[in-house]
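Beneath this line is the structure, given in structure tokens, with notes to follow.
Numbering (full-length UniProt numbering), first residue to last: 1 to 309.
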């Protein structure tokens, strides 16, 4: 695969600019995973006071040790989030971590803890109650960020606070990508980009030019597990990319040590991610785990994949 230098094209830029997270106090809405903890730690290193809305059933308890103040709330308690941030003088927030949409929507016991408040209902009603109902992630998240902005709270990209988490272009592991894997990456990349444009998912698994599984509401981990069931011989490739018009404020592609373990357990042998558009949590652990499992990881520029296709 030819690597071509140059900035990603057609990336949606947040309206608040690259210096948006320079406030003395930053708010974090924290979902699942270690990523929110790393963002909070980066903010603290920069001398910021960190105030956190930790999403119930998702966020890591370690946030209580890192942040200056933490409040546990349901994901749809927009009014509660806004009041809490205002009480602490927060005018800028960021979103970090995964939300298990299928769990929130389809598990009764979990749904009860995330019932929307009035502010949430008023914000999302035009999307959910119209004839052309729109529950796509981008539509919902854009409406959510607009709700905060209308109340004087800007939303900035978490990668403005912790830019070191964005992976740089190149081969991350000692194991190189084989020619057959390169062909699968080139094939899968274009399909994954189309999926992202339709707001379906970010990940696809491929072997020998055949699509094995695509990510939907269940998430990347379940997509990987399903691939292992469908392709018991292994030897497949995971391709994970940003959306064509990725808004870096939310839903940025992310991998971590757990991703590597799931790929290993399911028989995958290569991972391709989008350089400068993908967050790699605990990168050294990711590389070590991949090398121990014989998995190649390559970070590819958008233009490089397009040129190779």
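Note that the Cβ used here is the ideal one computed from N, Cα and C, for glycine as well.
Segment limits, alpha helix (DSSP H) that includes residue i
{"i": "residue 295", "result": "Residue 295 -> no alpha helix (DSSP H), and no H or E assigned at all."}
{"i": "residue 266", "result": "257-266"}
{"i": "residue 137", "result": "137-150"}
{"i": "residue 66", "result": "63-66"}
{"i": "residue 195", "result": "179-197"}
Top-ranked residue by Cα proximity to residue i, from the options
{"i": "residue 181", "options": "167, 220, 207 and 212", "result": "207"}
{"i": "residue 94", "options": "40, 299 and 231", "result": "40"}
{"i": "residue 247", "options": "216, 199 and 259", "result": "199"}
{"i": "residue 193", "options": "65, 80 and 302", "result": "302"}
{"i": "residue 96", "options": "244, 52, 44 and 292", "result": "52"}
{"i": "residue 50", "options": "174, 254, 219 and 30", "result": "30"}
{"i": "residue 71", "options": "78, 54 and 260", "result": "54"}
{"i": "residue 89", "options": "153, 45, 243 and 177", "result": "153"}
{"i": "residue 233", "options": "177, 118 and 265", "result": "265"}
Any non-hydrogen atom of the ligand NAP closer than 7 Å to residue i Cβ
{"i": "residue 292", "result": "Looking at this structure, you won't find the ligand NAP or any other ligand, since it has none at all."}
Three-state secondary structure (DSSP) of residue i
{"i": "residue 92", "result": "strand"}
{"i": "residue 98", "result": "strand"}
{"i": "residue 171", "result": "strand"}
{"i": "residue 27", "result": "strand"}
{"i": "residue 115", "result": "coil"}
{"i": "residue 166", "result": "strand"}
Host beta strand (DSSP E) of residue i (start-end)
{"i": "residue 212", "result": "210-214"}
{"i": "residue 205", "result": "203-207"}
{"i": "residue 236", "result": "236-240"}
Cβ-based neighbour list, residue i, same chain, cut-off 6 Å, excluding 5 preceding and 5 following
{"i": "residue 276", "result": "166"}
{"i": "residue 82", "result": "151"}
{"i": "residue 172", "result": "287 and 297"}
{"i": "residue 209", "result": "187"}
{"i": "residue 98", "result": "31, 32 and 33"}
{"i": "residue 144", "result": "none"}
Burial state of residue i (16 or more Cβ within 10 Å)
{"i": "residue 229", "result": "exposed"}
{"i": "residue 63", "result": "buried"}
{"i": "residue 36", "result": "buried"}
{"i": "residue 148", "result": "buried"}
{"i": "residue 285", "result": "exposed"}
{"i": "residue 297", "result": "buried"}
{"i": "residue 331", "result": "The question about residue 331 has no answer here: the residues shown for the chain are numbered 1 through 309."}
Nonlocal neighbours in the same chain, by C-beta distance under 7 Å from residue i, ignoring five residues either side
{"i": "residue 201", "result": "195, 214, 215 and 216"}
{"i": "residue 294", "result": "175 and 269"}
Cβ shell of residue i (< 8 Å), same chain only, five flanking positions each side left out
{"i": "residue 136", "result": "199"}
{"i": "residue 281", "result": "33, 34, 35, 38, 165, 254, 255, 256 and 257"}
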